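Position one of the sequence shown corresponds to residue 0 (numbering that gives the first Met the number 0), numbered consecutively onward. Just so you know, even glycine gets a beta-carbon here, dropped at the ideal spot from N, CA and C. If you're wondering where the values come from, they're calculated on a predicted model, not measured in any experiment.
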Amino acid sequence: MLLASAVGAGVAAWLSAGDGLVLAPDQWGTIAQRLEAVAWLVLVAFAMAVSMSGLAHLRGRHESIVVDARIWAAAILILWYAAFNLLLPTKFGDENANQNAINGIVNGDWSFTQVLAVIPGYHWAVAQASKAWGPSLLYTRTLTCLLSVAMLWVYYALAQRYKPEQSDHAVIALALLPIIFPYSAAAYTDVPSVALVLAGLLALSRRHFVWSALMVLLSCYLRQSNLVWLGLFPAIAAWQLWQEMRAGPIEDRLSARDFLVHIIVARLYPFFVAAAFFLASFFLVSHSLIWGHVPANRPRPNLGNLFAITFYALLLWAPIWLPRAGADLSWLGRWAVRHVAPALVAVVGALGVGAALFFGYDNFHPWNQSFGFLTNIPLVFMQEFVWARVLGIVAVWWAVLAFGRIWWEQSHRVELLLVLGFFIIFMLPHALVDPRYYMVPLALINLFWVYPAERTRALLFWWAALSVFIGGAMILGHWRYLTISW
């Protein structure tokens, strides 16, 4: 599967380049360069295969030989960093705007930051770190890769806390998560932002609430939408503290009112202080709650994000829900027969939601109206064709059933529900449908979701295949047409 993905991306890019869809034939280079690129993809795919099957093989046969999963995960990202820089040394996508802003800040020119959609905290930090050697795309990518590797260690510590039996799987899965893997070596703000949010969650899990709030506050200066996680984290902490109190001695239990005053207010106040500080500082700098002057970046709810999240969830976790699809349908039939009245209410509710999605959907954002990105294809089809919109609504219904049943079986149900709720709040101001925005929520879902033991290997191979395909499309010059993101 991995080799097929690598070769498939190479062949598709090769053929399309010959047609001049992305690069003219004289820009593509020699056949030797194409073969070199495909060889790198095969090497990346091989490293992924070793990281998933080799580790389990060694531990199974030689208990004394234990290779840390974090090392394997880091090796994957470092190898991708090498391939990305060797085969795509020029600016990719939004790297152009990001690197121009960094170069401008180094030279005292902040005008380039006005075309950004995010507050330029990342750009300022990289600019300060670049002054000794001079700013360059390679230097920025190197810093991103280092933060990506550090993120793996943070995530592993979190997995040890929330699902220790799958901590090895969790850290490799994060490295292979198809919406994170391609950007782990790119000059983008997304992965450094994820790293800071996860560091905040690690501090939260150790009851260091001030440090947790500080980490998330710093992440807000990379992407201001991270402000939402300053609401999620105290909610998670409040739930966990409530559970610990209820499990303790009866004489130590507090009423809901006392818990609110003595626990939430007295211990979780750093998050509320951090949120207020960020809003005040952001407004003082930008003189509004919006950064930049690009009209397409204005906040506005977009139902397209609901459909895109559904499509990506079904795609990414297909190895989990597909094997149990028949059982889910059988359960639904039995439940409907035994509970006729609730079933009728559920049908009416589902039809109501479907009607709202059908008539409320509008693919209005100009950057989502081109077939140049794979993400846009279902959005454009749903705008133009009734049957496509109906299929999208059916996908939403199925996702609610399939993932709802899986959620009910989880030990971290409340944490997952909180992540989902704040995920929805997080997406409300995003007018553009772009999977990069889903990195933090999907990383958190992967953390709290304990997978069936027999499906973990299949999930890793599936994500590895998607990542090789996307990465191959990027470095082979066909990223606009083949990637599932920008």
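Check: For P294, count neighbouring C-beta atoms within 10 Å of its own C-beta (all shown protein chains included) and say buried if the count is 16 or more, exposed if not.; Outcome: exposed
Check: Going along the chain, which residues of its own chain have a beta-carbon closer than 6 Å to the beta-carbon of A273, five neighbours each way excluded?; Outcome: A212, L216 and L229
Check: Would DSSP call S204 helix, strand or coil?; Outcome: helix
Check: Given a cut-off of 8 Å on the beta-carbon distance, is the pair L120 and Y220 in contact?; Outcome: The residue asked about is misnamed: residue 120 is Gly in this sequence, not Leu. Taking 8 Å as the Cβ cut-off, G120 and Y220 qualify as a contacting pair.
Check: Can you tell me which of G470, A307 and A156 puts its alpha carbon nearest to the alpha carbon of F447?; Outcome: A156
Check: For I179, is the classification buried or exposed, using 16 other Cβ atoms within 10 angstroms of its Cβ as the cut-off for buried?; Outcome: buried
Check: Give the straight-line distance between the Cα atoms of L331 and A275, rounded to the nearest whole angstrom.; Outcome: 46 Å
Check: Excluding five sequence neighbours on each side, which residues of the same chain lie with their C-beta closer than 7 Å to the C-beta of D18?; Outcome: For D18, the pLDDT reaches just 38, beneath the cut-off of 50, and the residue's location in the model is therefore unreliable, although a value from the coordinates is still provided. So the list is empty, once near-sequence residues are dropped.
Check: Given a threshold of 16 other Cβ atoms within 10 Å of its Cβ, counted over all protein chains shown, does F363 qualify as buried or as exposed?; Outcome: exposed
Check: Where L356 and R435 are concerned, what is the direct C-alpha to C-alpha distance, given to the nearest angstrom?; Outcome: 23 Å
Check: In terms of alpha-carbon separation, which member of W461, F91, Q127 and L231 lies closest to A173?; Outcome: The identity of residue 173 in the sequence shown is Leu, whereas the question assumes Ala. The candidate whose alpha carbon is nearest that of L173 is W461.
Check: By Cβ distance, which residues of its chain are closer than 6 Å to V439, with the 5 residues on each side in sequence left out?; Outcome: V193 and V196
Check: Looking only at its chain, what residues have a beta carbon closer than 7 Å to the beta carbon of L142, apart from the 5 residues adjacent to it on each side?; Outcome: V125 and A128
Check: Buried or exposed, going by whether 16 or more other CB atoms sit within 10 Å of the CB of R60?; Outcome: Unreliable placement is indicated for R60, whose pLDDT of 49 sits below 50; the coordinate value is still reported in the next sentence. Answer is exposed; the Cβ neighbour count stays below 16.
Check: At a cut of 8 Å, does the segment 98–107 reach the segment 146–165 through at least three beta carbon pairs?; Outcome: no
Check: Which residues mark the beginning and the end of the alpha helix (DSSP H) in which L221 is found?; Outcome: Per DSSP, L221 belongs to no alpha helix (DSSP H) and is neither H nor E.
Check: What does the Cβ neighbour count give for E453, buried or exposed, with the cut at 16 atoms within 10 Å?; Outcome: exposed
Check: Please classify P298 as buried or exposed, where buried requires at least 16 neighbouring CB atoms within 10 angstroms.; Outcome: exposed
Check: Any idea what DSSP makes of Q165, helix, strand or coil?; Outcome: helix
Check: Check the C-beta distance from L176 over to L443 and give it rounded, since I have them as a contact under 8 Å.; Outcome: That belief does not hold up - the Cβ atoms of L176 and L443 are roughly 11 Å apart, past 8 Å.
Check: Does the beta-carbon distance from I474 to L86 come in below 8 Å?; Outcome: yes
Check: Within 8 Å, do at least three Cβ pairs link the segment 316–328 to the segment 395–410?; Outcome: yes
Check: Classify F402: buried if its beta carbon has 16 or more other beta carbons within 10 angstroms, exposed otherwise.; Outcome: buried
Check: Please say whether Y187 and V170 have beta carbons closer to each other than 8 Å?; Outcome: no
Check: Taking just the CA atoms, how far does F422 sit from F232?; Outcome: 12 Å
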